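Trainee: Residue numbers (full-length UniProt numbering): 1 to 570. Here it is, the structure in full.
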């Protein structure tokens, strides 16, 4: 029949998931029920206050005995609190309460904090006399102190064992249970220290260094469990990896550059001339800003591959950015770090990939950019491709300026009609026309046929494609400005020859040399009786063909089918 009188401080209610209330009270004193007056609608009773009066009612008790109990209790209470983590605000507040509150209030406070059973707490609540509460609480404090000592001893022993294992096997592999949480925290701390060292020794700009030092300071104070910890760390690692001042040295030898361009691409004289002009000016002026070139021409004429050859000529790194179908400006400028899953744009990602600040960037299919509710990526490219602005390009993810003035941007397009005028005005347009028949024949025998032979495992001793046959493929089976369809037709011929070569390797008998006629003109009609043996006829003989296999017009009809176009019809 002992209770506690309390003062209501706060009432908090909620209706979800069901109505409930939380009551915050402050204890005042103990009381004893003398008489129950009524029970409904709420209990009302006559009570008598028990504590807070002992200093008047128990004046005859031994002050010496109470003083010894009080000092003993205070000693154990201080020892217990000092064994806890003082960095926790609640523990620091409890330490201050031990010095400021009266001694008779401490047993009740500590009993509510330490780990005890409800039965033990009720026994202390029923203890009205102060010396009884001291005597009942001291064993509870001693028990709690011994438990903490045992726990600390166990942790220390485990840490010593782990350190001993690390000393014996410094290059051990990580297994389940071999790394404790303390070791992980220590490793993460070492990583943060190493990251800070990389930031201070990096060659980033003064503005970027100031931002990174501010972020690393926040990272040190941040718990590792916070989602922002990983985001901030990824941001700092990106800032360290970016090539702020790292660049490659250009090869400015005009003769060597001309040889490389001529070996990689046939024709394209206007384009090669512009690249050599750039190299010549770079020899005279080292700090020349990179031009913004735009190659405009039909598909398949080599606009994309010539960009890679330019990078090879200059001795620079090459990175291709496909812009076809891009409809979000964040692909160019990046996402702000406030968004979930934010990342830098393609420009900054490309610089991180190549690792230098003066690569050759190929903006492929710039005429196929699209608009959407997320913005216009063509407008975002204005800052990238403007020589007056790109020295301080600001990506939304980095939020600091990055110098793009040393990057050589090359754009490709099939037409200028769909390129916004403001973007087109910032680029130097170079028209790349289609190839003539003579140029296609030369390209086929210089580049396409050797490439297809290598792809299909064939050699020139196994297959021969005369120029007259190549002309027949160009005029009768393709009709394009580029050479992509011609490349596919040559691939089909190589596959058919590969089948004959593979079959012939398993045959022991050797046939007589097949008479394969080569007409002087692909337009000549040959009768059935006078038709020479084609590649399909040798398949019926089940005998290995005699090398090399000569591809003539009749072999084309067997492999590629009847002609698709009539060269006499315009």
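Every residue gets a Cβ at the ideal spot worked out from N, C-alpha and C, and that includes glycine. In this text the structure is predicted, and so the values were computed from the model without any measurement.
Under 8 Å, with one C-beta from each stretch per pair, do the segment 291-299 and the segment 429-436 reach the 3-pair mark?
Mentor: Contact holds: three or more Cβ-Cβ distances are below 8 Å.
Trainee: Is residue 21 helix, strand or coil when you go by DSSP?
Mentor: In this structure, residue 21 counts as strand in the three-state DSSP scheme.
Trainee: How about residue 314 and residue 408: are their beta carbons less than 9 Å apart?
Mentor: Contact: yes.
Trainee: Quick check: the Cα distance between residue 173 and residue 80, rounded to an integer number of angstroms?
Mentor: Residue placement at residue 173 is poorly supported in this model, since its pLDDT is 41, which falls under 50; the coordinates still yield a value, given next. Their backbone Cα atoms lie some 40 Å apart in a straight line.
Trainee: Can you check DSSP and say which residues form a bridge with residue 362?
Mentor: The partner list for residue 362 (beta bridge, DSSP) reads 320 and 410.
Trainee: Looking only at its own chain, which residues have a Cβ that is under 8 Å from the Cβ of residue 144, when we skip the five neighbours before and after it?
Mentor: Once the five neighbours on either side are set aside, the close Cβ partners of residue 144 are 80, 114 and 115.
Trainee: Considering only the alpha carbon of each residue, which of 398, 373 and 361 lies closest to residue 381?
Mentor: Of the listed residues, the one whose Cα sits closest to residue 381 is 361.
Trainee: Just grab the DSSP bridge partners of residue 75 for me.
Mentor: For residue 75, which the question treats as bridged, DSSP gives no partner whatsoever.
Trainee: Exposed or buried, which one is residue 36 when buried takes at least 16 other CB atoms within 10 Å?
Mentor: Per the 10 Å Cβ criterion, exposed.
Trainee: From this set, 445, 410 and 9, which residue's C-alpha is nearest residue 293's C-alpha?
Mentor: Per the Cα distances, 410.
Trainee: Using the Cα positions of residue 129 and residue 8, report the straight-line distance between them to the nearest angstrom.
Mentor: The straight-line gap from Cα to Cα measures roughly 26 Å.
Trainee: What's the C-alpha gap between residue 329 and residue 248?
Mentor: Computed Cα separation, rounded: 30 Å.
Trainee: Let me know the alpha helix (DSSP H) ranges lying completely inside the segment 452-514, each 4 residues or longer, listed in chain order.
Mentor: With a minimum length of 4 residues, the continuous alpha helix (DSSP H) runs that stay inside the segment 452-514 are 467-476 and 484-504.
Trainee: Taking buried to mean at least 16 other C-beta atoms within 10 Å of its own C-beta, is residue 59 buried or exposed?
Mentor: Confidence at residue 59 is low in this model, with a pLDDT of 46, below 50, so its placement is unreliable and the value that follows should be read with caution. Answer is exposed; the Cβ neighbour count stays below 16.
Trainee: Going by C-alpha to C-alpha distance, which of 267, 276, 270 and 265 sits closest to residue 256?
Mentor: Ranking the options by Cα distance to residue 256, first place goes to 276.
Trainee: Within the continuous alpha helix (DSSP H) that includes residue 428, where are the two ends?
Mentor: Looking at the DSSP string, residue 428 is not in any alpha helix (DSSP H); the run it does join, the beta strand (DSSP E), is 428-431.
Trainee: Using the C-alpha atoms, what's the distance from residue 343 back to residue 336?
Mentor: Roughly 8 Å between the two C-alpha positions.
Trainee: Report all residues from its chain with a CB closer than 8 Å to the CB of residue 464; omit the five preceding and five following residues, and keep chain order.
Mentor: If we look at residue 464 and ignore the five residues flanking it on each side, its Cβ neighbours are 548, 549, 550 and 551.
Trainee: Answer with buried or exposed for residue 332, where buried requires no fewer than 16 other C-beta atoms within 10 angstroms of its C-beta.
Mentor: The residue is buried, with at least 16 neighbouring Cβ atoms inside 10 Å.
Trainee: Count the other CB atoms, across all protein chains shown, that sit within 10 Å of the CB of residue 167; report buried if there are 16 or more and exposed otherwise.
Mentor: With a pLDDT of 46 at residue 167, under the threshold of 50, the modelled position of that residue is not reliable, and the figure given next carries that caveat. Classification of residue 167: exposed, given that the 10 Å Cβ count is below 16.
Trainee: What would DSSP say about residue 30, mapped onto helix, strand or coil?
Mentor: Strand, per DSSP.
Trainee: Quick check for students: name the residue ranges of the alpha helix (DSSP H) that lie wholly in the segment 376-411, counting only runs of 4 or more.
Mentor: Here the runs fully enclosed are 377-385.
Trainee: Check whether the Cβ atoms of residue 125 and residue 4 sit closer than 9 Å, and answer yes or no.
Mentor: Yes, these two residues count as a Cβ contact at 9 Å.
Trainee: Starting from residue 112 and walking both ways along the alpha helix (DSSP H), at which residues does that stretch end?
Mentor: Residue 112 -> alpha helix (DSSP H) spans 106-113.
Trainee: Could you tell me the alpha carbon to alpha carbon distance between residue 21 and residue 102, rounded to whole angstroms?
Mentor: The straight-line gap from Cα to Cα measures roughly 32 Å.
Trainee: For a minimum of 3 consecutive residues, which ranges assigned as the beta strand (DSSP E) are wholly contained in the segment 243-309?
Mentor: Taking only runs of at least 3 residues, the beta strand (DSSP E) segments lying wholly in the segment 243-309 are 292-296.
Trainee: Is it right to say residue 199 is buried, meaning 16 or more other beta carbons lie within 10 angstroms of its own, or is it exposed?
Mentor: Per the 10 Å Cβ criterion, buried.
Trainee: Tell me whether the beta-carbon of residue 472 lies closer than 9 Å to the beta-carbon of residue 498.
Mentor: Contact: no.
Trainee: Is residue 254 near residue 283, with beta carbons less than 9 Å apart?
Mentor: Their beta carbons are under 9 Å apart, which means residue 254 touches residue 283 by this criterion.
Trainee: Does DSSP classify residue 38 as helix, strand or coil?
Mentor: Residue 38: strand per DSSP, three-state reduction.
Trainee: Please go through the same chain and pick out, in chain order, the residues whose beta-carbon is closer than 8 Å to the beta-carbon of residue 384, but skip the five residues on each side of it.
Mentor: The answer, listed in chain order, is 332, 347, 390, 393, 404 and 409.
Trainee: For residue 546, name the three-state secondary structure that DSSP assigns.
Mentor: Here residue 546 sits in coil by DSSP.
Trainee: So if DSSP puts residue 3 in a beta bridge, which residue, or which two residues, is it bridged to?
Mentor: Note: residue 3 sits in a beta bridge opposite 31.
Trainee: Rounding to the nearest angstrom, what Cα-Cα distance links residue 192 and residue 232 in this structure?
Mentor: Taking the straight line from one Cα to the other gives about 11 Å.
Trainee: Please go through the same chain and pick out, in chain order, the residues whose beta-carbon is closer than 7 Å to the beta-carbon of residue 491, but skip the five residues on each side of it.
Mentor: Counting only Cβ-Cβ distances below 7 Å, and skipping sequence neighbours, we find 452.
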